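Asker: My structure is below; once you've seen it, I'll send some questions.
Protein chains: 2
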Amino acid sequence: MTRFALALLILVTGFLGGEGRASAEDGYRLWLRYDPVEQPARDQYRRLACQIVATSGSEIARSAAVELQRGLGGLLGAPVPVVERTSCDGAILLRREPASDTGPEGYKLRSGTVDGRRATVISAGSDRGLLYGAFALLRRVQTRQSLEPLNLRERPGVALRMLNHWDNLDRHVERGYAGQSLWDWPRLPLWRDPRIVDYARANASVGINATVLNNVNSNATILTPDWIAKVRTLADQLRPWGIRVFLSARFSAPVEIGGLPTADPLDPAVRRWWRNKSDELYVAIPDFGGFLVKANSEGQPGPQDYGRSHADGANMLAEALAPHGGQVLWRAFVYAPSADDRVKQGYAEFQPLDGRFAANVIVQVKNGPLDFQPREPFHPLFGAMPGTQLALEVQLTKEYLGFATHLAYLGPMWEEVLQSRTYRPRQGSRVRDTVTVMAGVANSGTDRNWTGSHFDQANWFAFGRLAWKPDSSAAAIADEWTKMTWGNEPGKVATITRMMMQSRGAVVDYMTPLGLAHLMGSGHHHGPAPWVADLERADWNPVYYHRAGRDGIGFDRTASGSNALGQYAPPIQRRFAQVSTTPEPYLLWFHHLAWDRRMRSGRTLWEELLGRYDRGVESVIAMRSSWATLRSEIDEERYAQVAAFLAVQEDEARWWRDASVANWQDASRRPLPRGVRAPAHPLSYYQKLRFPFAPGQAR
Amino acid sequence: MTRFALALLILVTGFLGGEGRASAEDGYRLWLRYDPVEQPARDQYRRLACQIVATSGSEIARSAAVELQRGLGGLLGAPVPVVERTSCDGAILLRREPASDTGPEGYKLRSGTVDGRRATVISAGSDRGLLYGAFALLRRVQTRQSLEPLNLRERPGVALRMLNHWDNLDRHVERGYAGQSLWDWPRLPLWRDPRIVDYARANASVGINATVLNNVNSNATILTPDWIAKVRTLADQLRPWGIRVFLSARFSAPVEIGGLPTADPLDPAVRRWWRNKSDELYVAIPDFGGFLVKANSEGQPGPQDYGRSHADGANMLAEALAPHGGQVLWRAFVYAPSADDRVKQGYAEFQPLDGRFAANVIVQVKNGPLDFQPREPFHPLFGAMPGTQLALEVQLTKEYLGFATHLAYLGPMWEEVLQSRTYRPRQGSRVRDTVTVMAGVANSGTDRNWTGSHFDQANWFAFGRLAWKPDSSAAAIADEWTKMTWGNEPGKVATITRMMMQSRGAVVDYMTPLGLAHLMGSGHHHGPAPWVADLERADWNPVYYHRAGRDGIGFDRTASGSNALGQYAPPIQRRFAQVSTTPEPYLLWFHHLAWDRRMRSGRTLWEELLGRYDRGVESVIAMRSSWATLRSEIDEERYAQVAAFLAVQEDEARWWRDASVANWQDASRRPLPRGVRAPAHPLSYYQKLRFPFAPGQAR
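This is how it looks when you write it as structure tokens:
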């Protein structure tokens, strides 16, 4: 057979497999794949799913039944009828239970007997609970868990589990690496894009119940009547899936679109304007969630422009929303152009305001005190504002971790921060105990696979699952996602979850090891640029953060330095004040150390640092090898994309490693130890690289 | 049955139909749908397609076989084997015939006998011809034409049939309304997006054989080595489908990336730089097509910056490309900030250069002398440069015809210009006889349906079909596209083609009737703004074009005015010099007329103008009604999107009509005749509308 005929034969085989492009494995279905379960498990599940029993309810209850039908129909390979009364043995019931112990969103899954027939009952005190219960049941089938006997109860750990979309009104997504904004503003309000429903389903399936549609760097136009009409259509599409819409509000909107001379939060006309605007919003969107506000931060307007405090500003908006049950998410991500250590400023501005925020204000705090770096210690505000509701804000979109191309599963990072002990307000407190809201900066866009890469879907999934249950293990979530997304074969699951669990550590190693941070290129944040020292503000420059010189490297944040450490609880202060008791992952975050300092390994800091970079690159090489072992077990399309992206990641990991090593050599004036590979190019080569067309830049 | 149960039942039915989102009718497949033919036709075709017989050949020949296999396999509902030697009665043969009468790209389809067996033979003198022949055969099956007896020969009417992508390197598409650029620059060269292959297939299916990847408002970065490597990957993906890559070259690249002090085309160092750059490109891309250049136009650099002519500039690039067989497309879209009528300037600058361009230079001329308006007379350069190769440039993306949302089939517009009599160089000449290249500004992007709307796919299709055969009828192409895209049912085809054929006329009526032009909003070109008079250059203002006042409306381009008419051949001059013999579609393009002037209809110009606007709106209403009759005949997803977009179109048609009428009332100081509906809002309302977030804006 000629090579030509052979190639065609392969194509024929592909054809017989039914693979047209339209049904290709392009990732559109996310983790909601619902492909038929293998035998004999399929028959076992079938015995427990002869019918779906649903009685009339809200559109949310209808979504639960519809999704069960869609999911079970796919998983079991045959339609499952929806009926109003059981008539077979082994039905699945969706049942509201008024006096429920599941709270406003929880659910129970129980095996039992109904009208003398065996049944699996999804019960809840709310239609929303039924929806989450339906997805939980489907997830059990997708991950091949038993449905019998079943007796479990779930309720969410935090009340508000929300995505923050940094989407501009021209559909550009700031820090977006997955195409354009999902919101088709030019065709709204008339066009109801069916994709929005799939977005809503994906969120509901992991318990996300709120979404902020527009960028925190906000434009007041979204609060004008024409745009509220557009938002209304989206809200109407999201509501049946239990998702409430919030908007990022520009603090100066009363001036920009209201025609007022001021946006002073204590000005009666301004207060009236916001009350009227709030009323207008609730007429259009009765379950409108409220406002997210970035104020007096990176050029955004805010109450301090008028000599007022963050509390004054937030409380004014809260007052306007309160009659309708709306909430204000007020971001604590602020830093002024002052001489003080930037990482201290959020705490310094907000901690003194504890107790001064209205009951429907939530202060939204990033996981770390800097800005979504590959690794940071937790933000000292967690635990330090017991009289204030706090939201934990994490970033799903990987602004600082290789955009969408690098494989970096963020579950371990979020678990790390949620499990961090704050020692405040109680001795046993952890970050997870101090927050009532989880907010994730979304990584979704118009890309066919939603997130720009198949593996970034895991971060969307993990965010939802952790927000639902902040005590979850990232490894367990990875296992679940892998089974739902790639299949249940044990060897495959083991390989993929191992890749995932090592991936974020790899990024830390090849980008910012040992507690380093903020070493990326200016503006676009693509690639390494630790040499940058010429930006307008000192605390925008990488050199501000690493402080590398002949004497050593690292930022002294102990009492002998900026004393940012002083913002943490005393047990943390004591532990991190000493180099010897500071965990290595945070070493150079808190200490400035000599290159020759001996590490626990016995190697010098210089050697250790070099070793981390190499370990990072090696981890990526190992991920590539692991992936290659799956070639025959993964559909061709997804296999190829992941393989190609891992190749890009290896290239870029080497670039990070080489540029960083060259920079530290230059700073330290040190030769490389024997056996350490020299960078591929001189430092000047890396310094000259420019990326004007990098995606996701702020505008 | 409750409404709830009913709704679910409908969903079950949907499920039984096998409609998951992944196989949804989302338009991704374009006109290459290959769904099974209905019986008994399917069996009849099957008798003629027992095998595909292909012998080894280039990768283009392989594409022909692969596509036949994919297409016939789908259409006939069962795989068709590819073999090297016939062994059944009724095979399809792909056969190279060295001494062919089909030219370098043509093909023949013939029923005949091979080795004593009945066969359908696709023969050609080139592998590219085989590819086009394969698509032609598939098209016959898709449109239910007979395969027997078959005896036809086709060869393209122009040698270069190319798309021009106005894609920036950050993936923003200037005048793009279908998402981002298809080229995933950040992940190139390592990532070979399979979508590029489907883009190539779509182009090949209609005979498009070249593509310019980047915006004519060009950035020199694309000519740097890192970017040439990216372009190379795309060229490698496109080549098997007979598509050559061109690049838009920035004239000042020798300065910007070459480090030279000048880009003077007569400077030896500059000439050397371009020769070296050309050599470098051909090492990476052996079949590189050449350069497209927008020079000394709208701020782009060009040879006139150095006191040289367009010919000097073009010939320098031509000289660099000539050793490799490359070509230069040099755009004639130029207009200086002079006092003269803007539509005269392209002719004035280029016609005197006739005969001075190198043999591998093609001057690329827009269909009309202004700028892709809903209707313009043909460009006077056609026929006026007999010593120069000319390209006809049309715009698939509907910058001035409602973006992607309005249904406007452009086949009739292009047919209109191609069939326009130039009377030059010969008495019988038409535009189609004066061009050797067809260039279309692409309307494709990352949107799932490629073009932003289902109906805009027709413009991509029609462009390719007309470029292949410039004498085609737009109606026949609409018929073909409709059958391939929506199905062959006669009633459906009649309804859809009727909508299509009336659609462009509707846009002309509600936007720019009776020869008006350039009345759109500034910058974004969204919506009406005939009142705009404050832009920096006179000829950027709508008032410059319509010249409406109390005395009348229209631009006198006869000898008593700008005499742009003088640039046409004498028979046209004579006909258009008189109002009475000027066709109404061009009336106000060439004449300034009193509001009370009697038209052929007996109505005054004022009444006639108002009538055209209303006719335009009514046409859209009629299209909506027509579409509604198809509800049960079209899949739900595509039906709903078209219906929603038509609703948007009606809204926007009314807006165009009302704002324009209000403006002309204001200009003419005339009351509306009895029975004419007053605009919904006062003129000031329309004047205050702002669209800062309109898509596709130039950056």
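Chains as they are written, first to last, in our numbering: chain A, 1 to 699; chain B, 1001 to 1699. Glycine residues also receive a C-beta, built at the ideal position from the N, C-alpha and C atoms. In this text, all values refer to a predicted model and were calculated from it rather than measured experimentally.
Give me the Cα-Cα distance between ASN209/A and PRO240/A, rounded to the nearest whole angstrom.
Answerer: Within the first sequence, residue 209/A is the residue found at index 209, counting from 1. Within the first sequence, residue 240/A is the residue found at index 240, counting from 1. If you take the alpha carbons of ASN209/A and PRO240/A, they lie about 11 angstroms apart.
Asker: From LEU266/A to PRO369/A, what does the alpha carbon distance come to, in whole angstroms?
Answerer: The sequence position of residue 266/A within the first sequence is 266, counting from 1. The sequence position of residue 369/A within the first sequence is 369, counting from 1. So the alpha carbons of these two residues sit roughly 30 angstroms apart.
Asker: Do you know how far the Cα of LEU1317/B is from the Cα of VAL1328/B?
Answerer: Within the second sequence, numbered from 1, the residue matching residue 1328/B stands at position 328. Within the second sequence, numbered from 1, the residue matching residue 1317/B stands at position 317. Straight-line Cα distance between these residues: approximately 7 angstroms.
Asker: Tell me whether ARG1677/B sits in a helix, a strand or coil according to DSSP, three-state version.
Answerer: Within the second sequence, residue 1677/B is the residue found at index 677, counting from 1. Coil, per DSSP.
Asker: Does any residue of chain B bring its CB to less than 8 angstroms from the CB of VAL700/A?
Answerer: Past the boundaries of the shown model lies residue 700/A; chain A is included only from 1 to 699, so the question cannot be answered.
Asker: Rounded to the nearest angstrom, how far is the Cβ of VAL1437/B from that of ALA1391/B, given a contact under 8 angstroms?
Answerer: If you number the second sequence from 1, residue 1437/B lands on position 437. If you number the second sequence from 1, residue 1391/B lands on position 391. Correct: roughly 3 angstroms between the Cβ atoms.
Asker: Since THR86/A and GLN39/A should fall inside the 8 angstroms C-beta cutoff, what is the C-beta to C-beta distance between them, to a whole number of angstroms?
Answerer: Residue 86/A sits at position 86 when you count from the first residue of the first sequence. Residue 39/A sits at position 39 when you count from the first residue of the first sequence. 26 angstroms between Cβ atoms; not a contact.
Asker: Does PRO695/A come out as helix, strand or coil in the three-state DSSP assignment?
Answerer: In the first sequence, the residue the question calls residue 695/A occupies position 695. Three-state result, PRO695/A: coil.
Asker: What does GLN1180/B touch in chain A if you count any residue whose Cβ is under 7 angstroms from its own?
Answerer: To locate residue 1180/B, count along the second sequence from 1; it is residue 180. By Cβ distance, chain A contributes GLY179 and GLN180.
Asker: Please report the Cβ distance between THR451/A and TRP460/A, rounded to the nearest whole angstrom; I am assuming they are in contact, meaning their Cβ atoms lie under 8 angstroms.
Answerer: Counting from 1 along the first sequence, the entry for residue 451/A is found at position 451. Counting from 1 along the first sequence, the entry for residue 460/A is found at position 460. Going by Cβ atoms, the distance from THR451/A to TRP460/A rounds to 6 angstroms, so yes, they are a contact pair.
Asker: Does DSSP classify ASP666/A as helix, strand or coil?
Answerer: Here the question's residue 666/A lines up with position 666 in the first sequence. It is helical.
Asker: Count the CB pairs spanning the segment 610-620 of chain A and the segment 508-520 of chain A that are closer than 8 angstroms, and state whether there are at least three.
Answerer: Yes, they touch.
Asker: Determine, for PHE576/A, whether the minimum Cβ-Cβ distance to residues of chain B falls below 8 angstroms.
Answerer: On the first sequence, residue 576/A is found 576 positions in, with the first residue counted as 1. PHE576/A does not count as touching chain B.
Asker: Are the C-beta of GLU637/A and some C-beta of chain B separated by less than 8 angstroms?
Answerer: Indexing the first sequence from 1 puts residue 637/A at position 637. It does: the Cβ of GLU637/A has a partner Cβ on chain B nearer than 8 angstroms.
Asker: Among residues of its own chain, excluding the 5 on either side of LYS688/A, which ones have a beta-carbon nearer than 6 angstroms to its beta-carbon?
Answerer: Residue mapping note: residue 688/A aligns to position 688 of the first sequence, counting from 1. Counting only Cβ-Cβ distances below 6 angstroms, and skipping sequence neighbours, we find nothing.
Asker: Are the beta-carbon atoms belonging to ASN1214/B and ASP1167/B less than 8 angstroms from one another?
Answerer: Start at 1 with the first residue of the second sequence, and residue 1214/B comes out as number 214. Start at 1 with the first residue of the second sequence, and residue 1167/B comes out as number 167. Yes. Within cutoff.
Asker: Determine the direct distance from the alpha carbon of MET1623/B to that of VAL82/A, and round the result to whole angstroms.
Answerer: Looking up residue 82/A in the first sequence gives position 82. Looking up residue 1623/B in the second sequence gives position 623. Each residue's Cα considered, the two are about 39 angstroms apart.
Asker: Quick one: what's SER1248/B bridged to in DSSP?
Answerer: The residue you call residue 1248/B lines up with position 248 of the second sequence. Per DSSP, LEU1292/B.
Asker: What residues in its chain sit with their C-beta under 6 angstroms from that of GLY157/A, if we drop five residues either side in the sequence?
Answerer: Numbered from its first residue, the first sequence carries residue 157/A at position 157. Closer than 6 angstroms at the Cβ level, and outside the excluded window around GLY157/A, lie LYS469 and PRO470.
Asker: On a Cα-Cα basis, can you pick out the residue from ARG342/A, GLY125/A and GLU349/A that is closest to HIS310/A?
Answerer: Indexing the first sequence from 1 puts residue 310/A at position 310. It is GLU349/A.
Asker: For VAL1283/B, count the other beta carbons within 10 Å of its own beta carbon; 16 or more makes it buried, fewer makes it exposed. Which is it?
Answerer: For this step, residue 1283/B is matched to residue 283 along the second sequence. Exposed, by the Cβ-count rule.
Asker: Which word fits SER1660/B, buried or exposed, when buried means at least 16 other C-beta atoms lie within 10 angstroms of its C-beta?
Answerer: Looking up residue 1660/B in the second sequence gives position 660. By the neighbour-count rule (16 or more Cβ atoms within 10 Å), SER1660/B is buried.
Asker: Contact defined as beta carbons within less than 8 angstroms: I believe MET1520/B pairs with ARG1139/B. What is the distance between those atoms, to the nearest angstrom?
Answerer: Here the question's residue 1520/B lines up with position 520 in the second sequence. Here the question's residue 1139/B lines up with position 139 in the second sequence. Not quite, the Cβ-Cβ distance comes to about 36 angstroms (not below 8 angstroms), so this is no contact.
Asker: Under 7 angstroms Cβ to Cβ from ARG631/A, same chain only, skipping five residues before and after it: list those, please.
Answerer: Sequence index remark: in the first sequence, residue 631/A carries index 631 (1-based). If we look at ARG631/A and ignore the five residues flanking it on each side, its Cβ neighbours are TYR639.
Asker: Below 8 angstroms, can you find three or more Cβ-Cβ pairs linking the segment 1121-1139 of chain B to the segment 1097-1107 of chain B?
Answerer: With a cut-off of 8 angstroms, the segment 1097-1107 of chain B and the segment 1121-1139 of chain B count as touching, because enough Cβ pairs lie within range.
Asker: What does DSSP give as the partner residue(s) for LEU593/A in the beta ladder?
Answerer: As a working mapping, residue 593/A is identified with position 593 in the first sequence. The partner list for LEU593/A (beta bridge, DSSP) reads ILE553/A.
Asker: For ARG598/A, list the residues DSSP reports as bridge partners.
Answerer: Translated into the one-based positions of the first sequence, residue 598/A becomes position 598. According to DSSP, ARG598/A bridges with THR604/A.
Asker: Taking 8 angstroms as the cut-off, decide whether the C-beta atoms of TRP1589/B and TRP1031/B are in contact.
Answerer: One-based indexing of the second sequence puts residue 1589/B at position 589. One-based indexing of the second sequence puts residue 1031/B at position 31. Not in contact: TRP1589/B and TRP1031/B (Cβ atoms no closer than 8 angstroms).
Asker: TRP1185/B versus chain A: which residues are under 8 angstroms apart at the beta carbon?
Answerer: For the purposes of this step, residue 1185/B is taken as the residue at position 185 of the second sequence. Simply PHE693.
Asker: Kindly list the residues whose CB is nearer than 8 angstroms to the CB of SER1338/B, restricted to its own chain and excluding five residues on each side of it in sequence; keep chain order.
Answerer: Position 338 of the second sequence, counted from the first residue, corresponds to residue 1338/B. Only GLN1345 meet the Cβ criterion.
Asker: What does DSSP give as the partner residue(s) for SER1111/B in the beta ladder?
Answerer: Counted from its first residue, the second sequence places residue 1111/B at position 111. Bridge partners of SER1111/B: THR1120/B.
Asker: Strictly under 8 angstroms for the Cβ-Cβ distance: is LEU1075/B near chain A by that measure?
Answerer: The sequence position of residue 1075/B within the second sequence is 75, counting from 1. Closer than 8 angstroms: no.
Asker: Ends of the beta strand (DSSP E) at ARG1033/B?
Answerer: Walking along the second sequence from the start, residue 1033/B turns up at place 33. No beta strand (DSSP E) holds ARG1033/B; DSSP gives it neither H nor E.
Asker: Using alpha carbons as the reference points, say which of TRP1486/B, ASP1115/B and SER1058/B lies closest to ARG1033/B.
Answerer: Locating residue 1033/B in the second sequence gives position 33, where the first residue counts as 1. If we check each option's Cα against that of ARG1033/B, TRP1486/B comes out closest.
Asker: How many Å lie between HIS524/A and ASP666/A at the Cα?
Answerer: Counting from 1 along the first sequence, the entry for residue 524/A is found at position 524. Counting from 1 along the first sequence, the entry for residue 666/A is found at position 666. Computed Cα separation, rounded: 24 angstroms.
Asker: Here's a check: name, in chain order, each residue in its chain whose Cβ is nearer than 8 angstroms to the Cβ of GLY20/A, leaving out the five neighbours to either side.
Answerer: Here residue 20/A refers to the residue found at position 20 of the first sequence. Residue placement at GLY20/A is poorly supported in this model, since its pLDDT is 37, which falls under 50; the coordinates still yield a value, given next. Cβ within range, chain order: n/a, list empty.
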